[in-house]
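Residue numbers (this note's numbering): 1137 to 1578.
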């Protein structure tokens, strides 16, 4: 996931297309993330920062030393800092908010909780909703929580739920910045969103009923009378509002970049995170078992991801790899890459390719507005593909890895990269997304 704010690249800069073998460091990093925890867990636990940064440096050396082209690296650094400013600030702010939910985590209550999270994601973003709700989600299911609960939280709250507004997910905000009207997505995809979320909730409810009945009788019958709803850290809502306000700064302010890396919105978000950390009460941090371990893990891995994916994105955006025309093909192509690449630039790349076939430019707000009317089916396909398929793997969208890291820190048994895909995203998520695409993307 990219930050909601991405600096507009200079249209005068046309980078040379990298050779296809330059995607090998990105492939190697994906394989390491997928396989190392299975076959070399001890090594990976202690050395993953060196592996991720080292592979990123290979790509950096090719651009900077061999090609003398620092622009892609500077742009990647800007996107990475913006991404970490958003993810890091929301992580810190949510760590200062302690929510407890009254009552027993029955399958019905769990399903209702996820439904609320799906709606909330459209108001504070999938990252904001994920960071705010993952800890109470773990606590309310503490007696019987499994990887099932974490994965469906990622499916619904961290990804698919945020498809209705530009605030909900970074790809949609990029479209808004480029000229797609704010309410366009809600007007055109609400049925697809409702169908996707409803199907995921229905499957979760069935699976959670089975999980509930496998739990010991004292757990099923407990009324948890000592539990009550409360909300501590109310002052942090102000810092959360500050982060969201940074999203809506005037475009001229959004495009102001200090040192080629630090955007004004990113600096505002960093300031909000720092303010939250130093004003939050220690007992709230203690109740949340707050520490910087999860955000450090995400930070190191995404350094490598942001650097190594530069060649893949340049090849994609060049149009050489895009030979499709139908909306359904755009839905699956955007989705397939959004599951493994940052879904925000993937959205923008396919939008540029689709608009190019209509002799329109993604850099023109008037053209984007015209495209949203004349080629609505294509824009629907690209929007849904980028948002929905971001749940396809842990690296498809920013909150995914963060949720996993928080769950791991809480000693929840979460599936590794391959098991996430093999046990959940391929047999459960993919069929649902195929059905939704077949019905609603034409």
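Don't be surprised by glycine CBs; every beta carbon is placed ideally from N, CA and C.
Please classify residue i as buried or exposed, where buried requires at least 16 other C-beta atoms within 10 Å of its C-beta.
i: residue 1550; result: buried
i: residue 1573; result: buried
i: residue 1219; result: buried
i: residue 1301; result: buried
i: residue 1359; result: For residue 1359, the predicted model reports a pLDDT of 44, less than 50, meaning its position is unreliable and no value from the coordinates is stated.
i: residue 1204; result: exposed
i: residue 1386; result: exposed
i: residue 1269; result: buried
i: residue 1582; result: Residue coverage of the chain in this structure runs from 1137 to 1578, which leaves residue 1582 outside it and unanswerable.
i: residue 1543; result: buried
i: residue 1201; result: exposed
i: residue 1388; result: exposed
i: residue 1362; result: Summary for residue 1362: the model assigns pLDDT 48, below 50, so the residue's position carries little reliability; its value from the coordinates is reported in the next sentence. Exposed: under 16 other Cβ atoms inside 10 Å.
i: residue 1156; result: exposed
i: residue 1377; result: exposed
i: residue 1367; result: exposed
i: residue 1208; result: buried
i: residue 1266; result: buried
i: residue 1569; result: buried
i: residue 1510; result: exposed
i: residue 1540; result: buried
i: residue 1139; result: Residue confidence for residue 1139 is low, a pLDDT of 44 falling below 50, so the modelled location carries little weight; the figure read from the coordinates is stated next. Buried.
i: residue 1558; result: exposed
i: residue 1338; result: exposed
i: residue 1430; result: buried
i: residue 1137; result: Model confidence at residue 1137 stands at a pLDDT of 41, short of 50, so the residue's coordinates are unreliable and nothing is read from them.
i: residue 1486; result: buried
i: residue 1323; result: exposed
i: residue 1197; result: exposed
Give a yes or no on whether the C-beta atoms belonging to residue i and residue j are separated by under 7 Å.
i: residue 1592; j: residue 1411; result: The chain is shown only over 1137 to 1578; residue 1592 falls outside these bounds and no answer can be derived.
i: residue 1440; j: residue 1212; result: no
i: residue 1525; j: residue 1561; result: no
i: residue 1247; j: residue 1294; result: no
i: residue 1479; j: residue 1533; result: yes
i: residue 1520; j: residue 1328; result: yes
i: residue 1191; j: residue 1161; result: yes
i: residue 1307; j: residue 1522; result: yes
i: residue 1172; j: residue 1447; result: no
i: residue 1305; j: residue 1315; result: no
i: residue 1216; j: residue 1442; result: yes
i: residue 1250; j: residue 1292; result: yes
i: residue 1288; j: residue 1273; result: no
i: residue 1214; j: residue 1397; result: yes
i: residue 1243; j: residue 1345; result: yes
i: residue 1581; j: residue 1577; result: Residue 1581 lies beyond the residue range present for the chain, which begins at 1137 and ends at 1578; the question has no answer from this structure.
i: residue 1348; j: residue 1229; result: no
i: residue 1252; j: residue 1553; result: no
For the beta strand (DSSP E) containing residue i, list its first residue and its last residue.
i: residue 1367; result: 1366-1368
i: residue 1236; result: 1234-1236
If you follow the alpha helix (DSSP H) that residue i is part of, which residue opens it and which one closes it?
i: residue 1161; result: 1160-1175
i: residue 1320; result: 1320-1350
i: residue 1210; result: 1207-1231
i: residue 1388; result: 1387-1390
i: residue 1400; result: 1400-1415
i: residue 1383; result: 1372-1383
i: residue 1569; result: 1566-1576
i: residue 1491; result: 1479-1493
i: residue 1314; result: 1306-1314
i: residue 1152; result: Segment: none, residue 1152 is in no alpha helix (DSSP H) and carries neither H nor E.
i: residue 1246; result: 1243-1276
i: residue 1500; result: Here residue 1500 belongs to no alpha helix (DSSP H), and DSSP marks it neither H nor E.
i: residue 1516; result: 1512-1524
i: residue 1429; result: 1429-1444
i: residue 1538; result: 1534-1545
Does chain C have any CB closer than 7 Å to the CB of residue i?
i: residue 1219; result: The chain labelled as chain C is not found in the depicted structure, where only one protein chain is given.
Any heavy atom of the ligand NAD closer than 6 Å to the Cβ of residue i?
i: residue 1272; result: Of the ligands one can find in the structure shown there are none, so the ligand NAD has no counterpart to examine.
| With contact counted as at least three CB pairs below 8 Å, one residue from each stretch, are the segment 1509-1516 and the segment 1456-1470 in contact? | yes
| When the Cβ atoms of the segment 1366-1383 are set against those of the segment 1222-1237, are three or more pairs found closer than 8 Å? | yes
| message | Whether or not the segment 1491-1501 and the segment 1176-1187 are in contact is what I'm after, with contact meaning three or more pairs of Cβ atoms, one per stretch, closer than 8 Å; do they touch? | response | no
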